[in-house]
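Student: The listed protein sequences correspond, in order, to chains U and A.
This note's numbering numbers the first residue of the first sequence as 4 and each following residue consecutively.
This note's numbering numbers the first residue of the second sequence as 3 and each following residue consecutively.
Don't be surprised by glycine CBs; every beta carbon is placed ideally from N, CA and C.
These numbers were taken from a predicted model, which means no experiment stands behind them.
For reference, the structure I am asking about is given below.
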Amino acid sequence: GESVGLHLPTLSVQEGDNSIINCAYSNSASDYFIWYKQESGKGPQFIIDIRSNMDKRQGQRVTVLLNKTVKHLSLQIAATQPGDSAVYFCAENNRIRDDKIIFGKGTRLHILP
Amino acid sequence: DAGVTQSPTHLIKTRGQQVTLRCSPKSGHDTVSWYQQALGQGPQFIFQYYEEEERQRGNFPDRFSGHQFPNYSSELNVNALLLGDSALYLCASSLDRGHDEQYFGPGTRLTVT
């Protein structure tokens, strides 16, 4: 079936270092990918998205890389800050087929002082 | 401009009871999607409402039903509650059937005892 998974459930990063959160997806028909950040007690917050016709997209302090050959997605956060502590989800969607967004299980990012 | 709002914040119900959760979308949005998020898991798509109709549905039983009103607000109803229905229920709104970025509300924490 369709699934979006993550390699690591928890990631600890020193404050100021760069963070890299990885994600594997299984549905090769997915054409749209999103990274969400979820802080405790809040709903997921959109960070950045990328369409399947791209392999890299940059935002403010964040970069998403997409490798369709191996069905791999990553989120890079530059100069990690304490406010980046949260659970990060990758999600996929096949926009031609439907509007369902399929979420992975999440990676908790822990910032070390 | 208020974002997505949900009510109530928390709810405790007994097995077999019925529950109704409410969502008001972000101003200007016409599409509402509902998700169930079990503890430690990613959100799972329940269904999406657009133009007062259910447009997409995930793998949830008929005990889960919904409604969208002319003002685009939405309700999620769950009948014959099971212990396994305990979760955070998230509402997300978007414009144009979800082809735009989805904005999530803070969720309703449902506990079934």
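Note down, in chain order, every chain U residue with its Cβ under 9 Å from the Cβ of A:L92.
Tutor: G46 and P47
Student: Between which residues of its own chain and U:Q17 is the CB-CB distance below 6 Å, once the five residues before and five after are set aside?
Tutor: L115
Student: For the beta strand (DSSP E) containing U:T66, list its first residue and its last residue.
Tutor: V65 to N70
Student: Run through DSSP, which three-state label would A:D87 get?
Tutor: helix
Student: Have a look at U:G62 and A:P10 and give me their C-alpha separation to the nearest angstrom.
Tutor: 34 Å
Student: For the beta strand (DSSP E) containing A:K28, name the first residue and the last one.
Tutor: Unbroken run through A:K28: none, as it is neither H nor E.
Student: Can the beta-carbon of U:A89 be found less than 8 Å from the beta-carbon of U:G19?
Tutor: Between U:A89 and U:G19, the CB-CB gap reaches or exceeds 8 Å.
Student: Using a Cβ cut-off of 8 Å (strictly closer), state whether A:E77 contacts chain U.
Tutor: no
Student: Determine whether the Cβ of U:G107 lies closer than 8 Å to any Cβ atom of chain A.
Tutor: yes
Student: On a CA-only basis, which of U:D101, U:S77, U:F106 and U:P12 is nearest U:N21? Give me that one, please.
Tutor: Ranked by Cα distance from U:N21, the options U:D101, U:S77, U:F106 and U:P12 are led by U:S77.
Student: Which ranges would you report for the alpha helix (DSSP H) in the stretch 71-113 of chain U if only whole runs of at least 4 residues count?
Tutor: none
Student: Output needed in chain order: residues of the stretch 56-86 of chain A with a Cβ under 8 Å from some Cβ in chain U.
Tutor: R57, Q58 and G60
Student: According to DSSP, which residues form a beta bridge with U:K40?
Tutor: U:Q48 and U:Y91
Student: What would DSSP say about U:L115, mapped onto helix, strand or coil?
Tutor: Looking at U:L115 - three-state DSSP - the assignment turns out to be strand.
Student: Got a sec: is the Cβ-Cβ distance from A:Q50 to anything in chain U below 8 Å?
Tutor: Cβ-Cβ to chain U under 8 Å: yes for A:Q50.
Student: The beta strand (DSSP E) that contains A:E56, what's its start and end?
Tutor: Residue range E55 to R59 is occupied by the beta strand (DSSP E) that includes A:E56.
Student: Using alpha carbons as the reference points, say which of U:I51, U:I99 and U:H113 lies closest to U:D87.
Tutor: U:H113
Student: Assuming U:K59 and U:I50 form a contact by the criterion Cβ under 8 Å, report the distance between their Cβ atoms to the nearest whole angstrom.
Tutor: Between U:I50 and U:K59 the Cβ distance is about 15 Å, and since that is not below 8 Å, they are no contact.
Student: Within the same chain, show all residues whose beta-carbon is closer than 6 Å to that of U:N56, passing over the 5 residues directly before and after it, in chain order.
Tutor: Spatial neighbours of U:N56 in its own chain (CB-CB distance under 6 Å, excluding positions within 5 residues in sequence) are not present.
Student: In this structure, how does DSSP classify A:S95 when only helix, strand and coil are distinguished?
Tutor: A:S95 falls in the strand class under three-state DSSP.
Student: Identify the contact partners of U:I104 in chain A, using a Cβ-Cβ distance below 9 Å as the criterion.
Tutor: S35, Y37, P45, F47, A94, G100 and Q104
Student: Counting only beta-carbon atoms, is U:D34 nearer than 8 Å to chain A?
Tutor: no
Student: Taking only beta-carbon atoms, is A:P27 less than 8 Å away from chain U?
Tutor: False, the Cβ-Cβ gap to chain U never drops below 8 Å.
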